[in-house]
Structures are given as C-alpha cells and as structure tokens.
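Just below is one structure, and these are the notes that go with it.
Residue numbers (full-length UniProt numbering): 1 to 233.
This is the structure in structure tokens:
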C-alpha cells in the first residue's frame, strides 16, 4: 500500500493496514454425529433408527459425556421412489443428527470410537474450538493496531516525517480457522502491503493417543490513518 497524502483542506495523514494472527490450542471440540436407517417400511426404518440413536447416546454417556453435552438437533424422513411416475415409495430413509460438545480433548478418540461402535454411521463435522475466543480476538486486534502503527511510522520516516495521533481506525473482518473444520468463520483474505504479525499463544501441539490437534488460527485486521507531521514537530 502506498502512502496517501490528503489535500490541504484536511489534516495531512498516512493510511495503512495492519494484520495479526494468533495461534492457540483448542480446549473444546464439537462432534456432529448422524444415524441413518433405511427400510422398505417406514415404521421399520424409524424403529431401527430410534434403537441405534439410543444405543449411541448410551455409549456416549458410558465414555463420560454428560447428558447436557448431547443435543439431537435434526430429524428427517425421506421417501425414495423407483421412478418419477410412481406414487408408492420403494423405501424410506430416516436420519437423525446429534451434536456432542467435549471439553476434554483427550476423550475425543474414545468418544468417536464408542459412538461408531454403537451404531452411528455418519460423522458430519468435527470442530475444534477455544472457549477463550473473545480474549484471543481482542489480543489479535491489539497486535494488528500495533502493526499498523509501526508500519505507518516506518513509512513516514522514509518521507522524512513522523506520525502523530490516529485520525481514523476501522476494524476489518477477522478470521477464525481450524485445520479440522476446514472452514472460515468470518474469514477474509487480506492482500497488499498489510503488516503481518504472528504470535503463538501457549500450549503444545502434542496430544494423547494418535490425535495431535493443530492450533486454531485467530486473525484480525485494521485500517488506520495517522497524522503526518514534519520531523521535529
């Protein structure tokens, strides 16, 4: 990004952007499990699905998952036809989805294995998160502001000037990304001359069993305009 000097009717200023990224260890995981049953008879499909769901819930509780951490949030019945001109369904598919919230990352593999053994046949999502997201976002924003200020100061020096008070600060949309979920939350790609800052926020990447959770990336970006002063002012 190039320095922008304002017309004489406005205070001379320099506009920059700053980015920051913090990597943190997850302390929470949300597992989305599904049970799908199919039969030529609707009642049979529903009965089998109910039995398997109850077995999965029992298995989850046996592994130490609290009942309050298990939520059934989706249910569907889909008739399937042999052809478009047939009014009688050939079969019925019953689907039920459960969301399991774990605060013990070490229990992840044990819980997944237990659920699959009990009858879960769909894993729709695995979301590793941090319960201190707000705190880390605030820290990333602070680092982004510092990056913007440092860059503005460095650019002003190249012009033989210095920076003064901030005239405008705009927070851009930040990002939250986990290797396991494979998606962005409010993610945005920033290009140009953005100042990049990375800080590792504690924790180890080592996990129990065969699971080694990667760190969650939390990013922030700001645009800032600072007064542009002659050196010595």
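For each residue, glycine too, the CB sits at the ideal point set by N, CA and C. It should be emphasised that the depicted structure is a prediction, and the values quoted were computed from it without experimental measurement.
If you drop the 5 nearest sequence neighbours on each side, which residues of the same chain put their C-beta closer than 6 Å to that of residue 112?
none
With DSSP run on the structure shown, which of helix, strand or coil describes residue 50?
helix
Determine the burial state of residue 159: buried for a count of at least 16 other Cβ atoms within 10 Å of its Cβ, exposed for fewer.
exposed
Neighbourhood of residue 53 by C-beta distance below 6 Å, restricted to the same chain and skipping five residues each side:
35, 96
Out of curiosity, what's the CA-to-CA distance linking residue 126 and residue 12?
50 Å
Just mark residue 222 as buried or exposed, buried being the case when its beta carbon has 16 or more other beta carbons within 10 Å.
buried
My output table needs one value for residue 215: the three-state DSSP class, helix, strand or coil.
coil
Which stretch, first to last residue, makes up the beta strand (DSSP E) that contains residue 105?
Where residue 105 is concerned, there is no enclosing beta strand (DSSP E), given that its DSSP letter is neither H nor E.
Out of 42, 102, 155, state which residue places its alpha-carbon closest to the alpha-carbon of residue 65.
102
So, at 8 Å on beta carbons, what are the nonlocal neighbours of residue 141 in its own chain, with the 5 sequence-adjacent residues on each side left out?
20, 171, 174, 220, 222
Excluding sequence positions up to five away, which residues of its chain have a Cβ less than 6 Å from the Cβ of residue 78?
93
Can you give the Cα-Cα distance for residue 119 and residue 48, rounded to whole angstroms?
10 Å
Rounded to a whole number of angstroms, what is the C-alpha to C-alpha distance between residue 231 and residue 156?
9 Å
Relative to the C-alpha of residue 18, which residue among 154, 70, 32 is closest?
154
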